[in-house]
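Colleague: Those letters in the sequence shown? Residues 1 to 191, per the UniProt record's numbering, in order.
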Amino acid sequence: MSNYNFNNIPRVKHWYDEQVTNVFDDPRITAVGLLFEAHAGLSARFNAQLEEHGLSAVEFEVITRLARSPGNQLRMTDLAAQTSLSTSGVTRVVDRMERDGLLTRRACPNDRRSSYAVVTAAGMQRLNETLPGHLQMIEQWFTGQLDPEALAALLDGLRRVRDAAHPCATAGSDDVDPEQPAPTDSGGRRH
1 MSNYNFNNIP
11 RVKHWYDEQV
21 TNVFDDPRIT
31 AVGLLFEAHA
41 GLSARFNAQL
51 EEHGLSAVEF
61 EVITRLARSP
71 GNQLRMTDLA
81 AQTSLSTSGV
91 TRVVDRMERD
101 GLLTRRACPN
111 DRRSSYAVVT
121 AAGMQRLNET
131 LPGHLQMIEQ
141 WFTGQLDPEA
151 LAALLDGLRR
161 VRDAAHPCAT
171 AGSDDVDPEQ
181 PAPTDSGGRR
191 H
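Laid out in structure tokens, this is it:
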């Protein structure tokens, strides 16, 4: 592989270019590789824990995004944008979760073409049963591996990458349905 012709790789000037003599030592490849390896390792651990609670990773993502949204709901189109699933993929997941009693749909009062996916009481109960073990695993295998400064820097970097690579990841998060009370924290302040 060392005979590969690197001349056909477009060059982007970076401060470390003079230090890299072999493209396979390029820190950009290392950074993405480490991200994928960390994701794969965490996903394997998380998936096993989620299955114990009868949830797939996608179902957990959907129910968590809804629970963290104003009124525990999102428009189906916003849910699709946030999860990077297609609109039809979100429809299938929501259909399945609705059959299981974890979610329901509610018509959008302002747009008859749109509907909301809403977490049910049973869905919140399932999430509340799942979260303690999930948070313990996050602490053990992810956040607990970093000191507070490293975690803050990582979160900042991940948000920047997310916002550049997946700008719709927070679509609808700030929307407030006028028919639903605005969510507040324990001090009565709006989120």
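Ideal Cβ placement from N, Cα and C applies to all residues, glycine included. Remember, it's a predicted structure, so these values are computed and weren't measured experimentally.
1. Mind reading off the beta-carbon distance from residue 195 to Arg45? Whole number of angstroms is fine, and I expect it under 8 angstroms.
2. Which of helix, strand or coil does DSSP assign to Ser114?
3. Kindly identify the DSSP beta-bridge partner or partners of Gln73.
4. Could you check the C-alpha separation between Ala57 and Leu50 for me, to the nearest Å?
5. Under 7 angstroms Cβ to Cβ from Asn72, same chain only, skipping five residues before and after it: list those, please.
6. Taking 8 angstroms as the threshold (C-beta atoms), are Ser43 and Met76 in contact?
7. Along the alpha helix (DSSP H) that carries Thr91, what are the first and last residues, could you check?
8. In whole angstroms, what separates the C-alpha of Leu55 from that of Asp111?
9. Which term fits Ile63, buried or exposed, when burial requires 16 or more other beta carbons within 10 angstroms of its beta carbon?
10. Give me, in chain order, the residues of the same chain whose beta-carbon lies closer than 6 angstroms to that of Thr87; leave out the 5 immediate sequence neighbours on both sides.
11. Ordered along the chain, which non-local residues of its own chain (more than five positions away) have a Cβ less than 8 angstroms from that of Leu154?
12. Under 8 angstroms Cβ to Cβ from Met124, same chain only, skipping five residues before and after it: list those, please.
13. Return the CA-CA distance between Leu85 and Ala152, expressed in angstroms with no decimal places.
Modeller: By the coordinates alone:
1. Nothing can be reported for residue 195: it is not among the residues displayed for the chain, which extend from 1 to 191.
2. coil
3. Val118
4. 7 angstroms
5. Leu66, Val118 and Val119
6. no
7. Thr87 to Arg99
8. 31 angstroms
9. buried
10. Ala80
11. Leu146
12. Ala67 and Asn72
13. 28 angstroms
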